[in-house]
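Residue numbers (our numbering), protein chains in the order written: chain A, 1 to 489; chain B, 1001 to 1326. Every residue gets a Cβ at the ideal spot worked out from N, C-alpha and C, and that includes glycine. All remarks here apply to the structure that follows.
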């Protein structure tokens, strides 16, 4: 083939939107033969979207994909496999009801006919032996019976098996997240051997040291764009963290908050995560905005839900002294009553106050809705319209109105600003600060680091535990990233 | 370091041993419940345990086993077929009329009905409809068609079918041989062939299958077409035994087939099914349905309720065992 030294894959100006959310905004990306590209960035920076495009599971809204020097117009998973591009996805993609050998068969259409079971078993066992000596996995083990770490080993080994199609590039999305240090080392050593053999890898990892040590080139993404791409030895940990976070000045909000800081009020919440081993706990007082930071899914939502549950029924380790309301993050599934009007959606948390005898008073419900429509600026001609007549940002405002219009003195926010436009965000930030000034307490889990600037105090979570407790004046993005990416497991 | 890793290997292999034992126990549960029912029958009426006794008691087990296999194909794709009972009835009516009087038209109708099943699979996948709703609707369609074909009970089975179903092999009663054959053939097809893996994988993790480049539309169509095929076989076998048909003859099969799959170790979601287990489950149900209860001198009025009670007991035992597995 006359491709010579052509890139294995090249994306030019790749864009992708999910509804109103821009996941990728014009990304250029390429991988050369014989190199390991490290890809880093925050949650939601667009890494996974980009990798889905490379693997053919998502098609870009606009932009070009070229593989081995030729332009691909109808790029798909099966096309990618034919061209030698494989992906180990972050969420496990094994069938738990099938054996290890049977799962191998799923990725290889050519494993069929007489004796396919034997061939599949030999193929996967050989690869497991090569990557993870002493793995202790039999090809006939049912995947559902294996520990999560072993499943990840199978998944990784499967991606490197070769039958009739070529293999040039393997994407490893958080390949070591469920592996212990020993097996992770085995895997990374294998990746180096694979690269030395002239093949390529894309390595995505939240463990920055892993990327720095193993990648030849590092690409940093933020907000759906590539911000830096450079040789790995041009980076050190600090430069990487700075590039990921973007250390632009955001002091103005900080100054505003510092000026308006009231004296500490009475205790509202004291909570300790279930997995916390040391004595650290989360403390929130009246009038405070408390941020919960760290990578997504490290126990923040669980703690919020535990606090919410503790408000109605006592729990050990959690103390709550005032009524609680929760603003859900996933508004479609956890927040909105789809069949109801905007006014009904706002009133549901305050039914006791809206009651007139046994019935809900429509007049009071309408009053409440009118008040909050004005106050929070919900853009609709009529609050009796269905909630879905609103745009996403306005739906979220209605959910805020539900919480703020209630008697709750503690408001829990479970990353509520996902996919909300910046205008709405700023309006809600102002409102939150205003309500905090009146003595309400906010517990705010967010995956967007800028939002933490609104907080008086930030707790950083890792693996279900509080790993750092930062006051307003010590709060910097670097600090948050340092603690949530801490290599010490 | 080495000692520690050896220790973890040892521990995890012990854990896996326990898992394998629980899996084995669960795999044996269908056979165990069948043995229990057989023991009870032997104890109540020793003369029933004979060539003639089994032929008689298990007579209706063949159509039930075939319907259960049909249901199992649908369940392995995480769907449920509520129309299999009336479909069996419809096939029965066609078998007792068209298939005997005008075999070509009869065969065409039966092949066409398998095609309808395949189309249902496509519809359910493409429109993302709940299979329960679609097949519930279809159950009325099949029932109506059955009544159109055969407004009042009657008709007659084709002679060749009667000959097959009354076949008397030496030593081992026909229903047992037929059950074994059905179980083994389907086991080979679904559990051993390379495409069977894809079919089961479509129930286990559809997203993974799609990412590997397989068509989920095709797997769903194949699973539903297989359900249709075994539904047709079930209806024909039923008429071969009863010799004449009735539009309502298969109505009980819907729930029997679902119970048979679950009794046989299958699960409603996740592609975990067992063809041999399903056949054993169907045999257990067929035996528990009336022979056992008749021998226990339970009046016919109470037999349906007693049947349900047996089902609940066996399923509860299964839940206990699979909880241990966790």
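In this chain, residue 1240 (chain B) is not harboured by any beta strand (DSSP E); it is covered by the alpha helix (DSSP H) spanning 1216-1242.
Contacts with chain B at 9 Å (Cβ-Cβ) do not include residue 72 (chain A). For residue 322 (chain A), same chain residues with a beta-carbon under 6 Å away, outside a window of 5 residues either side, are 268, 409, 410 in chain order. Residue-level contact check: residue 1190 (chain B) does not touch chain A, since none of the beta carbons of chain A fall below 9 Å from its beta carbon. In the same chain as residue 1281 (chain B), and ignoring 5 residues on each side of it, the C-beta atoms closer than 6 Å to its own belong to 1030, 1260, 1263, 1264, in chain order.
Put simply, the CB of residue 1198 (chain B) is near chain A, with a gap under 9 Å to one of its CB atoms. Taking all protein chains in view, the Cβ of residue 273 (chain A) is crowded by 16 or more other Cβ atoms within 10 Å, so the residue is classified as buried.
For residue 476 (chain A), there is no enclosing beta strand (DSSP E), as DSSP marks it with neither H nor E.
Within the DSSP bridge table, the entry for residue 16 (chain A) names A:24 as partners. Interface flag for residue 1098 (chain B) against chain A is unset, since no Cβ pair is found closer than 9 Å.
Chain-ordered listing is empty here: chain B has no CB closer than 8 Å to the CB of residue 183 (chain A), the nearest sitting near 10 Å. Annotation for residue 1150 (chain B): no alpha helix (DSSP H) segment contains it, and DSSP assigns it neither H nor E. Every beta strand (DSSP E) of 3 residues or more that sits fully in the stretch 363-435 of chain A is shown, in chain order, as 410-414. In this structure, the beta-carbon distance from residue 311 (chain A) to residue 347 (chain A) does not fall below 9 Å.
Annotation for residue 1167 (chain B): 1174 place their beta carbon closer than 7 Å to its own, counting only its chain and skipping 5 residues before and after.
Non-local C-beta neighbours of residue 1251 (chain B) in its own chain, meaning closer than 6 Å and more than five positions away in sequence, comprise 1085, ordered along the chain. Interface criterion not met: the Cβ of residue 461 (chain A) is under 9 Å from no Cβ in chain B.
Residue 88 (chain A) and residue 175 (chain A) do touch by the CB rule: their CB atoms are close to 6 Å apart, below 8 Å. At a Cβ-Cβ threshold of 9 Å, residue 440 (chain A) and residue 412 (chain A) do not count as neighbours. Separation of the CB atoms of residue 1089 (chain B) and residue 1205 (chain B) is rounded to 36 Å, and the pair is thereby denied contact status at 8 Å. Here residue 457 (chain A) carries a strand assignment [DSSP, helix/strand/coil]. Taken in chain order, the members of the stretch 1246-1273 of chain B whose beta-carbon sits within less than 9 Å of a beta-carbon on chain A are 1267, 1270, 1271, 1272, 1273. At a C-beta separation below 8 Å, residue 1209 (chain B) has these neighbours in chain A: 95, 106. Residue-level contact by beta carbon holds for residue 76 (chain A) and chain B, with a gap shorter than 9 Å. The beta carbons of residue 1037 (chain B) and residue 1216 (chain B) sit about 39 Å from each other, so the pair does not count as a contact at 8 Å. With a cutoff of 9 Å on beta-carbon distance, residue 11 (chain A) and residue 50 (chain A) are scored as near each other. Per DSSP, residue 72 (chain A) is one residue of the beta strand (DSSP E) stretching across 70-72. Residue 1253 (chain B) places its beta carbon 9 Å or farther from that of residue 1069 (chain B). Cβ neighbours of residue 1178 (chain B) within its own chain (closer than 7 Å, five residues either side excluded): 1062.
Residue 326 (chain A) is positioned such that its CB atom lies no closer than 9 Å to that of residue 303 (chain A). A direct Cα-Cα distance of roughly 34 Å separates residue 1304 (chain B) from residue 1100 (chain B). Counting other Cβ atoms within 10 Å of its Cβ, residue 388 (chain A) stays below 16 and is therefore classed as exposed. By the Cβ test, the stretch 224-243 of chain A is not in contact with the stretch 60-70 of chain A, since fewer than three Cβ pairs between them sit closer than 8 Å.
A:133 is the residue among A:166, A:133, A:199, A:162 whose C-alpha sits nearest the C-alpha of residue 185 (chain A).
Residue 1142 (chain B) sits close to residue 1083 (chain B), with the two beta carbons spaced by under 9 Å. The beta carbon of residue 379 (chain A) is closer than 7 Å to those of 394 in its chain, skipping five residues each way along the sequence.
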